[in-house]
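Structure record follows, encoded as structure tokens.
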Amino acid sequence: MVPKNPPHRSFDGKARQGHRDRETEGEHMAAAREERGDKKLVLIVEDERDLAELLEYNLKGNGYRTAVAHTGPDGLSKARALTPDLVLLDLMLPDLPGTEVARQIRADANVAHVPIIMLTAKADEVDQVVGLTVGADDYVTKPFSIKVLMARVEAVFRRSGRSSTDGDRVLRLGGVALDLETHEATLEGEATPFTLTEFRLLSALIEADGKVLSRSALMNHAMGPGVTVTERTIDVHITSIRRKMGDWGKHIKTVRGVGYRAVQELAPA
Ligand code: CA
1173 MVPKNPPHRS FDGKARQGHR DRETEGEHMA AAREERGDKK LVLIVEDERD LAELLEYNLK
1233 GNGYRTAVAH TGPDGLSKAR ALTPDLVLLD LMLPDLPGTE VARQIRADAN VAHVPIIMLT
1293 AKADEVDQVV GLTVGADDYV TKPFSIKVLM ARVEAVFRRS GRSSTDGDRV LRLGGVALDL
1353 ETHEATLEGE ATPFTLTEFR LLSALIEADG KVLSRSALMN HAMGPGVTVT ERTIDVHITS
1413 IRRKMGDWGK HIKTVRGVGY RAVQELAPA
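In this text, residue positions in the sequence shown follow the working numbering: the first is 1173, and each later residue adds one.
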């Protein structure tokens, strides 16, 4: 199933970004939260209407609420207006590519924390999609089985659910603080937009307290058991975490042939 895109018509999502009315947006968010019951809201951004319907049908069957957008700009504005609990984001979209939608979600403090699962066509797009340039939490490659996708969706919610039962604890590494209760990350007091996966990876490293974690151990922490990603994917996430940590990124050490560890003290040069 190779995604087909209609001709590129316009690229207006970016132009609109600077002119958003923050107050109106805040009201939208509050209203959206009020409407929200216990059911998680999944935003499906997919231009193949048959696939979007299939996803909607299956998500509803699994107890989720859904919203659907068929274009990039519509996906972005629905993400901002509804603050969903998860975005399923197609890579190839009309008007604004999925990568750009993801990037703009990550750049918007109100929705930067929302997990994103990318629906990609080719395996070689994965490096670009995960972590570094886009900040997706996970991906599935088209064509995918609905069963596999549902497992990934549940894995994302298991991860975010687990952190809320961790209690009132803050993990620190240098200038970075991770609040396990609110899931907020700060760098020297300023909010830092780690993705959910990055948050889980970094908290696992800090909790290991200097011990080395293998890539497969990190995978388990970040993705939950039973979800397999390539080791390269972990490396890409770690690179992204280091970049977001600025100078403090040096506190995450690569242990060649094994994995990674986080150190509180840097050895003197
Ligand atoms: Ca598409």
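Beta carbons: idealized from backbone N, C-alpha and C, even for Gly.
Given this structure, state the Cα-to-Cα distance separating Ile1288 from Gln1276, to the nearest angstrom.
12 Å
When you compare the CB positions of Ala1308 and Ala1274, do they come within less than 8 Å of one another, or not?
yes
For a test of your reading of the model: does the CB of Asp1262 fall under 7 Å from any non-hydrogen atom of ligand 1? Yes or no.
yes
Just list the alpha helix (DSSP H) runs in the segment 1238-1273, keeping only unbroken ones of 4 residues or longer that don't cross its boundaries, in chain order.
1244-1254
Length of the line joining the Cα atoms of Leu1254 and Gly1244
If you take the alpha carbons of Leu1254 and Gly1244, they lie about 15 Å apart.
Determine the burial state of Ala1434: buried for a count of at least 16 other Cβ atoms within 10 Å of its Cβ, exposed for fewer.
buried
Buried versus exposed call for Asp1193 [16 or more other C-beta atoms within 10 Å across all chains shown]
Only weak support exists for where Asp1193 lies, its pLDDT of 44 falling under 50; the value from the coordinates is given anyway. With fewer than 16 other Cβ atoms within 10 Å, it is exposed.
Quick one: what's got a C-beta closer than 8 Å to Pro1269's C-beta in the same chain, skipping five residues either side?
So the list reads Gly1244 and Leu1263, once near-sequence residues are dropped.
Measuring CA to CA, which of Arg1330, Val1384 and Glu1362 is closest to Arg1372?
Arg1330
Can you look up Leu1291 in the DSSP assignment and give me helix, strand or coil?
strand
Find out if the Cβ-Cβ distance for the pair Ala1376, Ala1394 is shorter than 8 Å.
yes
Neighbourhood of Lys1422 by C-beta, 7 Å cutoff - its chain only, sequence neighbours within 5 removed:
Around Lys1422: Leu1438.
With distances taken between CB atoms, is the gap from Val1259 to Thr1238 smaller than 8 Å?
no
Alpha carbon to alpha carbon, how far is Asp1222 from Leu1385? Give it in angstroms, no decimals.
42 Å
Taking 7 Å as the cut-off, is the beta-carbon of Val1220 closer than that to any non-hydrogen atom of ligand 1?
For the sequence presented, residue 1220 should be read as Glu rather than Val. Yes; taking the cut-off as 7 Å, the Cβ of Glu1220 has a heavy atom of ligand 1 nearer than that.
Collapsed DSSP secondary structure at Lys1425 in the structure displayed
strand
Would you mind sorting Ala1363 into buried or exposed? The rule is 16 or more other CB atoms within 10 Å of its CB.
exposed
So, are the CB atoms of Leu1265 and Asp1310 less than 8 Å apart?
no
May I ask you to list the residues that DSSP assigns as paired with Ala1363?
Thr1358
Mapping the DSSP letters down to three states, classify Gly1418 as helix, strand or coil.
helix
Give every residue of the same chain whose Cβ lies closer than 7 Å to the Cβ of Met1417, excluding the five residues on either side of it in the sequence, and list them in chain order.
Val1348 and Leu1359.
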